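Here the protein sequences line up with chains A and B, keeping their order. Residue 300 in this note's numbering sits at position 3 of the first sequence, with consecutive numbering throughout. Residue 1440 in this note's numbering sits at position 27 of the second sequence, with consecutive numbering throughout. Cβ atoms here follow ideal geometry from the backbone N, Cα and C, with glycine treated the same way. Fair warning: this is a prediction, and the values are worked out from it, not measured in the lab. First the structure, in the form of structure tokens, and then the observations on it.
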Amino acid sequence: MSVLTVIVLGFLLSCAIATCLAKDLLVSVIIFMAYSLLMSILWMLLQSPDLAITEAAVGAGVTSILFFITLKKLHAIKVKHSEEKDR
Amino acid sequence: MKKKIVDRLRQRYAGDQSPLDEDMISSLGEQPPELMRTSDEAYEALEHVHESRVWEAVRQERDMYQQIHKWSYSSGLRLIKRVYTTLAVLTCGGIILFLLWTVNMLPPFGNPNNPDNNEVAARYIEQGPEETGAVNMVAGMILDYRAFDTFGETTVLFVAACSVLFLLKLNDHKDGKPTSAWLEAEYDDRHHEPKNDQILQFAARLLVPIILLFGFYVIMNGHISPGGGFSGGAIMGAGLILYLNAFGFQKTERFFTYNTFRWITFGSLITYAGLKSYSFYTGANHLGSGISTGTPGALLSAGFILPLNICVGLVVMCTMYTFYTLIRKGGI
Chain A
298 MSVLTVIVLG FLLSCAIATC LAKDLLVSVI IFMAYSLLMS ILWMLLQSPD LAITEAAVGA
358 GVTSILFFIT LKKLHAIKVK HSEEKDR
Chain B
1414 MKKKIVDRLR QRYAGDQSPL DEDMISSLGE QPPELMRTSD EAYEALEHVH ESRVWEAVRQ
1474 ERDMYQQIHK WSYSSGLRLI KRVYTTLAVL TCGGIILFLL WTVNMLPPFG NPNNPDNNEV
1534 AARYIEQGPE ETGAVNMVAG MILDYRAFDT FGETTVLFVA ACSVLFLLKL NDHKDGKPTS
1594 AWLEAEYDDR HHEPKNDQIL QFAARLLVPI ILLFGFYVIM NGHISPGGGF SGGAIMGAGL
1654 ILYLNAFGFQ KTERFFTYNT FRWITFGSLI TYAGLKSYSF YTGANHLGSG ISTGTPGALL
1714 SAGFILPLNI CVGLVVMCTM YTFYTLIRKG GI
């Protein structure tokens, strides 16, 4: 196990714990995105580039976007006051 | 007569809905005035008793409700939260311990005496390129030896897209008129859409062609590299979503509508099923595709793996895009 793998695994664990403990759902989703990116680096280090590509596209891209829309639909994303006035 | 009427009134208040007697109704008409008055008094007294009982019941109920409310918002909530947290931590810890214990019992990685190192793996390695025509063993495995497995996965994606359609698609037209729910969703979406967001549009103009081209490359290169249908489809789907976010529905509707989704998905699944299920009827004897075995760098090689890859990629791309549009607006 190389030094890079250990570092990525450490970040992965801290990201996983931070995703659970984050109070704000938006912050949680963003940390989850970071988790997916680290996971794709890990797949690359494990020599499976196809899974790395899929993880980056699905985990960090599409899943997070779907989460963002859901949060927006539920009005769980706080809007700034200046934007609130325009509505 | 008076007693009879009072009795009957009492009965009616106790819940008896039987109609009044014929003779009672007739007697009501010819009563002397004092009897009328006293029957009215009896009626009022009864009503008073009834009302006070109802009020008593209502007050008791309200008191009880307030007590429960107070309890649930102070100590009850805390109790439930504590129980929930404890249970969640215990379950998570238990699962983690169980999984680590299982991993500990696995044979060491790369050991030649491992149980998975048997004649199946040897055959895949030795005869794979010859039998499947794939240059890469992974591609030969997922799209030839285990093509039905991949077919099942693609069908699962299709079924997922269908269920999301059932759940979230709004009726856009009813009797030739747009429905109010659809109009509302449309307005809401147009309202929140980024209008002429310069940074996003410039980035999308730069990135979308590159992303789509890369996805296309991954799909077309899948048969001579370790698999590419799913990854390429996911990349192309993400590119389409970026395009939609930057330029809005009006521009994407020019090339991607509900019918496009329907026909691409249907055609891909039918092609996949046709290419792979005929060998059931020929007794596992392949007819031969007429395409040569895999040659690195050659586009048209490696048997059926390239068309199968394209089918999987198209289904994945459409599914990703459809998920996004359905969740965002309730329609494609």
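Inter-segment contact for the region 1613-1628 of chain B and the region 1643-1650 of chain B is present: three or more beta-carbon pairs are separated by less than 8 Å.
The residue among B/Asp1557, B/Val1496, B/Gln1473 and B/Glu1464 with its C-alpha nearest the C-alpha of B/Pro1639 is B/Asp1557. Around the beta carbon of B/Lys1742, 16 or more other beta carbons sit within 10 angstroms, so the residue counts as buried. The beta carbon of B/Leu1657 lies closer than 6 Å to those of Thr1665 in the same chain, with the five residues before and after it left out. Boundaries cannot be given for B/Val1548, as no alpha helix (DSSP H) includes it and DSSP labels it neither H nor E. B/Ala1455 and A/Leu371 have their alpha carbons spaced roughly 59 Å apart. If you check the CB distance, B/Ala1560 and B/Gly1553 do not come in under 7 Å.
Proximity of A/Ile366 to chain B, defined by a Cβ-Cβ separation below 7 Å, is satisfied. If one requires a minimum length of 3 residues, no beta strand (DSSP E) run lies completely within the region 1522-1548 of chain B. For the 7 Å CB-CB criterion, B/Ala1573 and B/Thr1735 do not form a contact. For A/Gly358, at least one C-beta of chain B is nearer than 7 Å to its own C-beta. Between A/Trp340 and A/Leu334, the C-beta gap is not smaller than 7 Å, which leaves the two residues out of contact.
By the CB criterion at 7 Å, B/Ala1659 and B/Gln1614 fall inside the cutoff. Scanning the region 1718-1742 of chain B for uninterrupted alpha helix (DSSP H) segments of 4 residues or longer gives 1718-1742, listed from N- to C-terminal end. With at least 16 other beta carbons inside 10 angstroms of its own, B/Cys1724 counts as buried. Burial state of B/Ala1535 is exposed, judged by a 10 Å Cβ sphere holding fewer than 16 other Cβ atoms. For A/Asp347, the enclosing alpha helix (DSSP H) stretches over residues Pro346 to Thr351. Judged by DSSP secondary structure, B/Gly1565 falls within the alpha helix (DSSP H) whose first and last residues are Ala1560 to Leu1581. At least one CB of chain A lies nearer than 7 Å to the CB of B/Pro1639.
For the pair A/Lys320 and B/Tyr1685, the Cα-to-Cα distance works out to about 46 Å.
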